[in-house]
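Asker: Below: one structure in structure tokens.
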Amino acid sequence: MSRRTSISDISDYRKLCAEAAEKDSIFATFRNHPVYTSIVETVNGEAGAQYATVAINRFPIIAKHLDELRRNDLHGGPQMFRYSDIGAFSPTTLRYIKFSVDMREMFGDLDGMRIAEIGIGYGGQSRILRSLFKIKSYDLFDLPEPLLLARRYLGMFGLENANFFDIDAGEFGPYDLVISNYAISEVEKSVQDKYIDKVILKSARGFVVCNREFFKYSYPGFLYDPVEFCRKIPGASQSPDWRDEISTNRLIFWPHP
Numbered sequence: 001m002s003r004r005t006s007i008s009d010i011s012d013y014r015k016l017c018a019e020a021a022e023k024d025s026i027f028a029t030f031r032n033h034p035v036y037t038s039i040v041e042t043v044n045g046e047a048g049a050q051y052a053t054v055a056i057n058r059f060p061i062i063a064k065h066l067d068e069l070r071r072n073d074l075h076g077g078p079q080m081f082r083y084s085d086i087g088a089f090s091p092t093t094l095r096y097i098k099f100s101v102d103m104r105e106m107f108g109d110l111d112g113m114r115i116a117e118i119g120i121g122y123g124g125q126s127r128i129l130r131s132l133f134k135i136k137s138y139d140l141f142d143l144p145e146p147l148l149l150a151r152r153y154l155g156m157f158g159l160e161n162a163n164f165f166d167i168d169a170g171e172f173g174p175y176d177l178v179i180s181n182y183a184i185s186e187v188e189k190s191v192q193d194k195y196i197d198k199v200i201l202k203s204a205r206g207f208v209v210c211n212r213e214f215f216k217y218s219y220p221g222f223l224y225d226p227v228e229f230c231r232k233i234p235g236a237s238q239s240p241d242w243r244d245e246i247s248t249n250r251l252i253f254w255p256h257p
């Protein structure tokens, strides 16, 4: 048996992604499957409301795009919550919206950017960003099975300029922005080093959300902690003001605005 390299490198998750990519019946409900809700669709209804409030307060034009953003939830059968001010959404979609607003605040308009995302779920963050900005190109990196699933999901929207890569597939970049919502903080050091060398160091900007609880309590020495991670990226630091649903999560970013 091959060695597990990340929190999502488990057979049940990889199998579900592969089957959802191939079978209509599983694709229709994969986002509400217990395996998937333990890894990707993890946000509860209350946290979703908090994400929505922050996003709309900071970037009010979001309110004019709610129907387009809600299309993220047309596929995969996610658990939906009805909010009094914005209607029905998956809370995880609301997190993608809030993170998109965070990126805009930190880096300005994302129009025309070449973006890489490490650990892509089903492609939801990618679709939200490309609903709000005119992205030049978007490279998605993950295990083979999630890549297949994201290819199918994003294909439902006819999105262009999306590329799907295994990190061992070749050389990549340069990029204007690299994103990772938790994933890079949940893979072992040897895999982190690959992403740092082949993707992260080739990006002018970075928005990397770290699952600090996983750093602290799981597999000591298996992963770089946030301080070690920052030392590997020139100009990177932890944001002192950024907040997530889990207070111990951290945002690593570069360059400084």
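By full-length UniProt numbering, the letter at position 79 of the sequence shown is numbered 79, and the numbering carries on one by one without gaps.
Virtual Cβ for every residue (Gly too), placed ideally from N, Cα, C.
Just so we're clear, the structure is a prediction, and the values are computed from it rather than from any experiment.
Suppose only complete runs of 3+ residues qualify. What are the beta strand (DSSP E) ranges in the stretch 62-122, listed by chain order?
Answerer: Counting only runs of 3 or more, we get 81-83, 87-89, 114-118.
Asker: Can you give the Cα-Cα distance for isoleucine 200 and tyrosine 175, rounded to whole angstroms?
Answerer: A straight line joining the alpha-carbon of isoleucine 200 with that of tyrosine 175 spans about 8 Å.
Asker: Using DSSP bridges, identify the partner residues of leucine 177.
Answerer: Ile115
Asker: Using the DSSP secondary-structure output, state which residues sit across from cysteine 210 in a beta bridge.
Answerer: Arg250
Asker: With distance defined between alpha-carbon atoms, name the residue in Val178, Cys210, Ile167, Asn181 nearest to aspartate 193.
Answerer: Ile167
Asker: Inspect the beta-carbon positions of lysine 198 and phenylalanine 172 and report whether they are closer than 8 Å.
Answerer: yes
Asker: Near phenylalanine 59, which residues of its chain fall below 6 Å by C-beta distance, leaving aside the five closest residues on each side in sequence?
Answerer: Val101
Asker: Measuring straight from C-alpha to C-alpha, what distance separates alanine 21 and glycine 77?
Answerer: 14 Å
Asker: Tell me the DSSP bridge mates of alanine 162?
Answerer: Alanine 162 is bridged to Tyr138.
Asker: Taking a contact to mean a Cβ-Cβ separation below 8 Å, would you say leucine 154 touches arginine 127 in this structure?
Answerer: yes
Asker: Could you check if glycine 87 is buried or exposed, using at least 16 other CB atoms within 10 Å of its CB as the buried criterion?
Answerer: exposed
Asker: May I ask you to list the residues that DSSP assigns as paired with glutamine 238?
Answerer: Ile252
Asker: Considering Cα atoms alone, identify which of Ala150, Ile184, Pro146, Glu46 is closest to arginine 95.
Answerer: The shortest Cα separation from arginine 95 among Ala150, Ile184, Pro146, Glu46 belongs to Glu46.
Asker: Would you mind giving the Cβ-Cβ distance between valine 208 and serine 180, rounded to the nearest angstrom? I have them listed as a contact below 8 Å.
Answerer: 5 Å
Asker: Give me the Cβ distance between isoleucine 135 and methionine 113, rounded to the nearest whole Å; I'm assuming they're in contact under 8 Å.
Answerer: 6 Å
Asker: Looking at alanine 116 and phenylalanine 141, is the spacing between their C-beta atoms short of 8 Å?
Answerer: yes
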